[in-house]
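Numbering (the numbering used here), first residue to last: 15 to 201.
As structure tokens, the structure follows; a few thoughts come after it.
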Amino acid sequence: MMAGMTTPSATAPRLHERLVPGPGAVAAAFGLGLFVVLATLPLGVGISLGLAVAATVGALVLLWLTSPVVSVDDAELRAGSARIPLAALGEARAVDRDGLRHELGRGLDARAYVCHRPWARAAVRVPIVDPADPTPYWLVSTRRPDALADAIDAARGAVAGGAAGNAAAGGNAAADGNVVADGADPA
Numbered sequence: 015m016m017a018g019m020t021t022p023s024a025t026a027p028r029l030h031e032r033l034v035p036g037p038g039a040v041a042a043a044f045g046l047g048l049f050v051v052l053a054t055l056p057l058g059v060g061i062s063l064g065l066a067v068a069a070t071v072g073a074l075v076l077l078w079l080t081s082p083v084v085s086v087d088d089a090e091l092r093a094g095s096a097r098i099p100l101a102a103l104g105e106a107r108a109v110d111r112d113g114l115r116h117e118l119g120r121g122l123d124a125r126a127y128v129c130h131r132p133w134a135r136a137a138v139r140v141p142i143v144d145p146a147d148p149t150p151y152w153l154v155s156t157r158r159p160d161a162l163a164d165a166i167d168a169a170r171g172a173v174a175g176g177a178a179g180n181a182a183a184g185g186n187a188a189a190d191g192n193v194v195a196d197g198a199d200p201a
């Protein structure tokens, strides 16, 4: 292998999305640069332009670094810094703009995990089927709700298929895809 090359991950992402802010936030970063130019102009044009470029680039980098990543691979769903195994998830449901307003308002359960950004105007709601997890569901902002819901359900199906294959090979598999010990009652 050549230096600097990496091997692909064993679980390549089925969907990967960084929730970067839209054009309005980028325009605000440039507006910050303009403000810095005007505020520091008495210090000299060179210093003023240098500070403006630094402020604009700093704001854009900060926007990028604080944007959460939403991804689905063959093992887990990731939303921001949180991760959950696919075996613990139920069927994903896309939520449109009006539905998201309800989900974040009166429909919100305080125990739910929410990864929300206001510039992503749709979301996916995924119930948690693990009885040991007190979180009832995840609500994850996305610009592509149907694609995210489909990716979660397809990956869940692959995990459930693997659990069914384990059961056929001699193990027990619970209905929700969690594997239980041989001889244990899954109910």
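Glycine is no exception: its CB is placed at the ideal position from the N, C-alpha and C atoms.
Here the structure is a predicted model, which is why all the values come from computation and not from measurement.
Residue i classed as buried or exposed, judged by whether at least 16 other C-beta atoms fall within 10 angstroms
i      : result
Ser95  : exposed
Ala35  : What sits at residue 35 in the sequence shown is Pro, not Ala. That one is buried.
Thr70  : buried
Leu29  : buried
Trp78  : exposed
Ile166 : buried
Val14  : Outside the displayed span of the chain (15 to 201) sits residue 14, for which this structure offers no information.
Val109 : buried
Glu31  : buried
Leu91  : buried
Arg97  : exposed
Leu57  : exposed
Gly6   : In this structure the chain extends from 15 to 201, so residue 6 is not present and cannot be described.
Ala169 : buried
Val84  : buried
Met15  : Interpretation of Met15 is limited by its pLDDT of 39, a score under 50 that renders its predicted location unreliable; the figure taken from the coordinates is listed afterwards. Its Cβ having fewer than 16 others within 10 Å, Met15 is exposed.
Pro82  : buried
Residue interval of the beta strand (DSSP E) (run including residue i)
i     : result
Arg32 : 29–32
Range covered by the alpha helix (DSSP H) that runs through residue i
i      : result
Leu114 : 111–118
Cβ separation of residue i and residue j, assumed to be a contact under 8 Å, to the nearest whole Å
i      : j      : result
Ala106 : Ala163 : 4 Å
Val134 : Leu153 : Val is not the amino acid found at residue 134; the sequence shown has Ala there. At roughly 11 Å, the Cβ-Cβ gap does not stay under 8 Å, so Ala134 and Leu153 are not in contact.
Val51  : Ala66  : 4 Å
Pro150 : Ile142 : 6 Å
Pick from the options that is closest to residue i, judged by C-alpha positions
i      : options                      : result
Asp160 : Ala137, Pro82, His30         : Ala137
Asp147 : Leu52, Leu103, Thr80         : Leu103
Ala93  : Arg170, Gly171, Leu33, Leu52 : Leu33
Arg111 : Ser81, Leu65, Arg139, Leu57  : Arg139
Pro145 : Leu46, Gly38, Ala101         : Ala101
His130 : Leu63, Val86, Thr80          : Thr80
Ala172 : Ala42, Pro37, Asp87, Leu55   : Asp87
Arg157 : Gly45, Thr54, Leu114         : Leu114
For the segment 35–97, which segments carrying the beta strand (DSSP E) assignment without a break, of at least 3 residues, lie completely within its bounds, in sequence order? 83–86, 90–93
If you scan the segment 122–184 from start to end, which runs of the alpha helix (DSSP H) of 4 or more residues do you find wholly inside it? Whole alpha helix (DSSP H) segments, 4+ residues: 159–182.
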